[in-house]
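The structure appears below as structure tokens.
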Amino acid sequence: SPCAVQLFAAQSMRIAILGSGISAASCAQLLSKKHAVTVFEDGRGPGGRMSTRRSGSYQWDHGAQYFSPKSEAFARVVDDWRARGLCERWEGTHCLWSAAGGLSPDPKAEKSKRFVGSPGMNAIAKGLLEGIETRFETRALARRSGNSWVLQHGKTGEPLGSFDFLICSDKCSAQHHRNDLEKELLRGYLEPAQAVRSAPSLALMVATQKTHLGFASLLLEDHPEFSWLARDDSKPSRLRSDGAECWVAHASPALAKRLIGSYKSSKGPRNFREAIVRDLLPPFEALLSTLNGGVASPKILLAEGHRWGAAIPTGSFPDFPGAAEGAGGGPFYLDTANAFAACGIFGPGGRGVD
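Dropping the structure here:
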């Protein structure tokens with residue numbers, strides 16, 4: 005993490021990091037070698053979009069599906085993760101579907117190496133954060149007081165401590181409807197970050213009896229309802245002995261946008277989950293049947309839904325004044341005068357996990 009490299013040379017400090025995705029966890033791991041680091045995560049577990057949902061004996065990587073190193077710097081990072089047992093290569097048959105060409109091997113998949121966290125996608129963030137103080141289900145509000153950042157719980161008002169430096173890896177903290185960060189002080193970061201637009205995504209997670217489909221993943225190019233389909237148990241360290249299969253289906257961007265607009269009247273994430281299952285499970289079953297030559301889809305054992313409100317950055321990378329270029333090619337924001345930095349995915353200028 006290039007931001008962490010610059011901070012590593014500083015005197016020992018107390019550092020607060022907002023978010024626990026890959027950029028945050030990478031910073032935390034490196035900085036913890038010299039500084040006292042505390043990570044604050046709004047969700048129930050680490051990983052951000054590299055999350056794993058578990059329900060009973062079933063599990064699904066319902067956000068990021070895999071990663072392929074595109075730079076030598078990140079390839080070295082992945083080699084280290086593999087050596088530590090945090091990730092493995094995802095083999096198997098990866099296919100492409102289009103209305104014109106039907107089902108065929110994905111030529112891009114044949115030319116690249118796909119990796120996944122092991123035994124779940126969130127294993128990487130968990131491994132990086134091992135031994136580092138991390139507070140989950142804690143949305144932190146940060147205010148500058150003298151030369152310190154003072155944090156408090158956004159819901160309970162509980163004091164969370166005083167810190168010498170603040171790193172924000174969650175772009176949601178910068179949004180108009182949130183007051184997590186001090187607006188006047190960080191205007192140079194907040195205004196460009198707020199201009200970033202993101203497309204939503206809906207994920208359907210389904211456990212089924214055996215489907216007899218011969219692929220591990222399927223990229224759907226112009227399907228009206230789905231853009232991606234993957235059998236999670238085809239990934240390494242996820243083999244099941246009961247014959248059940250765990251499928252992840254991502255809605256097409258157009259359908260996700262339309263459905264999320266219709267969900268705005270729903271109250272709470274529980275209703276969102278139920279609505280997603282209601283709307284996506286029937287077309288999912290129809291898709292399985294079509295892919296299997298018209299054979300009825302197998303018995304559904306369990307189905308869950310998840311809404312990613314800001315899943316896919318669109319447009320250009322924000323023009324941060326004072327932004328710097330990282331060693332891996334991705335920009336980050338550093339404001340030494342206010343002891344503040346920001347990293348993560350803000351736009352297409354960032355390259356996913358890489």
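Numbering (my numbering), first residue to last: 5 to 358.
Glycine residues also receive a C-beta, built at the ideal position from the N, C-alpha and C atoms.
query: Classify Phe71 as buried or exposed, calling it buried when 16 or more other Cβ atoms lie within 10 Å of its own Cβ.; result: buried
query: Quick check: the Cα distance between Phe169 and Glu141, rounded to an integer number of angstroms?; result: 21 Å
query: Is it a yes or a no for the stretch 127-144 touching the stretch 94-106, going by three-plus beta-carbon pairs under 8 Å?; result: no
query: Taking 8 Å as the threshold, find out whether the stretch 144-152 comes into contact with the stretch 163-178 through three or more Cβ pairs.; result: yes
query: Between the Cα of Lys261 and the Cα atoms of Pro163, His216 and Ala314, which residue gives the shortest distance?; result: Ala314
query: Apply the 10 Å Cβ neighbour rule to Arg57 and answer buried if 16 or more other Cβ atoms are within range, or exposed otherwise.; result: buried
query: Apart from the five residues just before and just after Ser36, which ones in its own chain have a Cβ nearer than 6 Å to its Cβ?; result: Ile136
query: Does DSSP put Ile136 in a helix, in a strand, or in coil?; result: coil
query: For Thr160, does the three-state DSSP call read helix, strand or coil?; result: coil
query: Please classify Gly218 as buried or exposed, where buried requires at least 16 other C-beta atoms within 10 Å of its C-beta.; result: exposed
query: Near Arg18, which residues of its chain fall below 6 Å by C-beta distance, leaving aside the five closest residues on each side in sequence?; result: Ala40, Phe167 and Asp168
query: Using the DSSP secondary-structure output, state which residues sit across from Tyr70 in a beta bridge.; result: In DSSP, Tyr70 forms no bridge with anything.
query: Taking 7 Å as the limit between beta carbons, can you name the residues of its chain near Asn126, skipping five residues before and five after?; result: Gly49, Pro50, Gly51, Met54, Ser55 and Thr56
query: Considering just the uninterrupted stretch of the alpha helix (DSSP H) at Arg191, what are its terminal residues?; result: Arg191 to Gln198
query: Less than 8 Å between C-beta atoms, sequence neighbours within five positions excluded: which residues of the same chain meet that for Leu291?; result: His227, Glu229, Phe230, Leu233 and Ala253
query: Do you know offhand how far Thr42's Cα is from Gly89's?; result: 24 Å
query: Under 8 Å between the Cβ atoms of Gly348 and Ser173?; result: yes
query: As a quick exercise: from Ser266, Arg80, Arg244 and Gly25, pick the residue whose alpha carbon is nearest that of Tyr62.; result: Arg244
query: Buried or exposed: Lys303, going by 16 or more other Cβ atoms within 10 Å of its Cβ?; result: exposed
query: Pro111: which of Gly47, Leu222 and Gln213 sits nearest, CA to CA?; result: Leu222
query: What residue range is occupied by the uninterrupted alpha helix (DSSP H) comprising Val81?; result: Glu76 to Ala87
query: For a minimum of 3 consecutive residues, which ranges assigned as the beta strand (DSSP E) are wholly contained in the stretch 243-324?; result: 249-255 and 304-318
query: Start and end of the beta strand (DSSP E) containing Cys91?; result: Cys91 to Arg93
query: Considering Cα atoms alone, identify which of Ile171, Arg143, Gln69 and Trp94 is closest to Ser30.; result: Ile171
query: Taking C-alpha atoms, which residue in Asp283, Asp246 and Asp184 lies nearest to Gly161?; result: Asp184
query: Do Asn296 and His216 have their C-beta atoms closer together than 8 Å?; result: yes
query: Quick check: Phe288 and Val200, are their CB atoms within less than 8 Å of each other?; result: no
query: Short of 7 Å in beta carbon distance, which residues of its chain neighbour Ser293, apart from the five on each side in sequence? Order them along the chain.; result: Val299, Ala300 and Ser301
query: Hey, out of His310, Ala146, Leu259 and Ser241, whose CA is closest to Ala68's CA?; result: His310
query: Just the Cα atoms here: how many angstroms apart are Ser108 and Ser241?; result: 26 Å
query: Ends of the alpha helix (DSSP H) at Ser177?; result: Segment: none, Ser177 is in no alpha helix (DSSP H) and carries neither H nor E.
query: Please work out which residues of its chain come closer than 7 Å, Cβ to Cβ, to Lys159, disregarding the five sequence neighbours upstream and downstream, and give them in chain order.; result: Arg143
query: Between the Cα of Ser205 and the Cα atoms of Ile128, Leu22 and Leu259, which residue gives the shortest distance?; result: Leu259
query: What number of angstroms, rounded off, separates the C-alpha of Gly192 from the C-alpha of Leu145?; result: 18 Å
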